[in-house]
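*Asks:* Dumping the structure here so I can ask a few things about it.
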Amino acid sequence: MGAGLGSGPRWGWGYERVLDSCVPDVSYGGFSQGIQITMATARNMMRAVRVFEFGGPEVLKLQSDVLLPVPKENQVLIKVHACGVNPVETYIRSGTYSRKPSLPYTPGSDVAGVIEAVGEHVTLFKKGDRVFTNGTISGGYADYAVASTDTVFPLSDKLDFKQGAAIGVPYFTAFHALFQKGCAKAGESVLVHGASGGVGIATCQIARAYGLKVLGTAGTQEGMNIVLRNGAHKVFNHREADYVDKIKEFIGMQGVDVIIEMLANVNLTTDLHLLSQGGRVMIVGSRGPIEINPRDTMSKESSVIGVALFSATKEEMRECAAALLAGIESSWLRPVIGPEYPLEKVAKAHENLIHSSGALGKMVLLI
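238 is the number that this note's numbering gives to position 219 of the sequence shown; each next residue is one higher, with no gaps.
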């Protein structure tokens, strides 16, 4: 996942070459072709979190001598001000996710900051532009990150860098799940499990803006209040033993059209009983297996659909971006920031994300 450093703009003196383990560098002076010369100075070094082995939060190692990445063609270098922390990053770090990066790597896809440099053929951005991303090449838990221009978006002055770092995975996932996979329509109902977290709040805001009837669940009173302030018409405490009965009483015999599920291994069986005729459960997150009765899907002709943002097409991502950028300008897209950690406390951030008793907004690293 690291960005190549052997081509594109150079840092330091004109004759310097930067170490690139992937692309052989050209010779300099009397040296033979393929020999690489590294002249690392403070000017081209940065801090970055590196993972050398899969495991618990302790494998997140902050290093201060990491080479500054250099943007190649259609890439930009971003001075990172904040980086969102997503649950999927804890799964990847632990080695339990379906996709494993090559080691070592730097986590982090959702950064917000300022363009520091641009590679060749970049015309949409220039040095000094405020931007946010929904993906990086070199990793976002760092002072600087390289990203492809198709994953970089202008950050409106209406939002600060922390809010910019909270957009990427949560909001793109929410839109992708609701409309591109869940085919939600104005006038339908949606139940958002775990609605007080990053994806949950994003889903509530988007669904309300697009005319859906929004129900949410949260595990604390504070979380319930956040959900109500961010688009939900009704919220339920999922720690109450009878909360499912309360949902059934509220929705009546009709059922819920769409359920956005963050913890399928706990809730999926119950979800199937809450659905309307032709209802859809969109699985955004799960931490293990669960046994269901397929007959629960038959009488209602309901669907269980997995959602993974990395499987979205370029066309789908462009549609997501257009909708979300419009939401920023219309001011209904307003990320809620939760716990904040300095880069030095990244292991603590991962530990707390895993063992949180109830999400309250989006967790971010401050760089």
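Note that beta-carbon positions come from the ideal geometry of N, C-alpha and C, so glycine has one too.
#1: When the Cα of L197 is compared with those of I266, G230, N93 and T155, which residue comes out closest?
#2: Excluding sequence positions up to five away, which residues of its chain have a Cβ less than 6 Å from the Cβ of F180?
#3: Mind checking which residues open and close the beta strand (DSSP E) that includes D261?
#4: Can the beta-carbon of G387 be found less than 7 Å from the beta-carbon of V254?
#5: Please report the straight-line C-alpha distance between L122 and K80, rounded to a whole angstrom.
#6: If you draw a straight line from the C-alpha of S322 to the C-alpha of T222, how long is it?
#7: Reducing DSSP to helix, strand and coil, say where E207 ends up.
#8: If I measure Cβ to Cβ from K200 and keep anything under 7 Å in the same chain, skipping five residues before and after, which residues do I get?
#9: Can you have a look at D290 and say buried or exposed, based on whether 16 or more other CB atoms are within 10 angstroms of its CB?
#10: What do you reckon, are the CB atoms on I311 and L287 nearer than 7 Å?
#11: When DSSP labels each residue in this structure, what does P173 get in the three-state scheme?
#12: Quick check on the DSSP output: the beta strand (DSSP E) that includes A325 runs from which residue to which?
#13: Starting from the Cα of G103, find the closest Cα among M243, P358, D84 and E259 and give me that residue.
#14: Does A285 come out as helix, strand or coil in the three-state DSSP assignment?
#15: According to DSSP, what are the bridge partners of M382?
#16: Could you tell me the alpha carbon to alpha carbon distance between A368 and I225, rounded to whole angstroms?
#17: Count the other CB atoms within 10 Å of the CB of Q94; is the residue buried (16 or more) or exposed (fewer)?
#18: Provide the residue(s) that pair with K232 in DSSP beta bridges, ordered along the chain.
#19: Taking C-alpha atoms, which residue in G216, E207, Y110 and C202 lies nearest to L379?
#20: Could you please give the first and the last residue of the uninterrupted alpha helix (DSSP H) stretch that includes D179?
*Replies:* Quick look at the numbers:
#1: G230
#2: H100, A101 and A131
#3: From DSSP, D261 is part of no beta strand (DSSP E); its letter is neither H nor E.
#4: In the structure as shown, the chain begins at 20 and stops at 386. Residue 387 is therefore absent and cannot be evaluated.
#5: Answer to the nearest angstrom: the Cα atoms are 13 Å apart.
#6: 19 Å
#7: coil
#8: M301, I324 and V326
#9: buried
#10: A Cβ-Cβ contact shorter than 7 Å links I311 with L287.
#11: strand
#12: The sequence shown places Gly at residue 325, not Ala. Annotation: the continuous beta strand (DSSP E) that includes G325 extends over S322 to G325.
#13: P358
#14: It is worth fixing the name first, because residue 285 is Val in this sequence and not Ala. V285: helix per DSSP, three-state reduction.
#15: None, per the DSSP bridge assignment.
#16: 27 Å
#17: buried
#18: Answer is S208, bridged to K232.
#19: G216
#20: Taken as a continuous stretch (DSSP letters only), D179 belongs to no alpha helix (DSSP H), as it is neither H nor E.
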